[in-house]
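Worksheet: one structure, shown below.
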Amino acid sequence: MQHWHTDSAGLESLIAKLKKKPGIHAVHLTDGDPNNLTLPKSLP
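If you read the sequence shown in our numbering, its first letter stands for residue 49, the second for the next number, and so on.
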């Protein structure tokens, strides 16, 4: 799995690029402020 980080402004171009790449991709969105990250909730 490949992880990609982008903000909402770059999301559409990243998705267009990833459509052409095989594999599993995880896209992580940020608001542009690296100090304002939210960790994913763990599954039960």
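A virtual CB, placed ideally from N, CA and C, is assigned to each residue, including glycine.
(message) Rounding to the nearest angstrom, what Cα-Cα distance links A64 and G58 in this structure?
(response) 10 Å
(request) Mind checking which residues open and close the beta strand (DSSP E) that includes A74? (result) 73-78
(request) Could you name the residues of the same chain whose beta carbon sits closer than 6 Å to that of V75, not counting the 5 residues immediately before and after it, in chain order? (result) W52
(message) Assuming contact is defined by CB atoms lying nearer than 8 Å, are L62 and T54 in contact in what I supplied?
(response) yes
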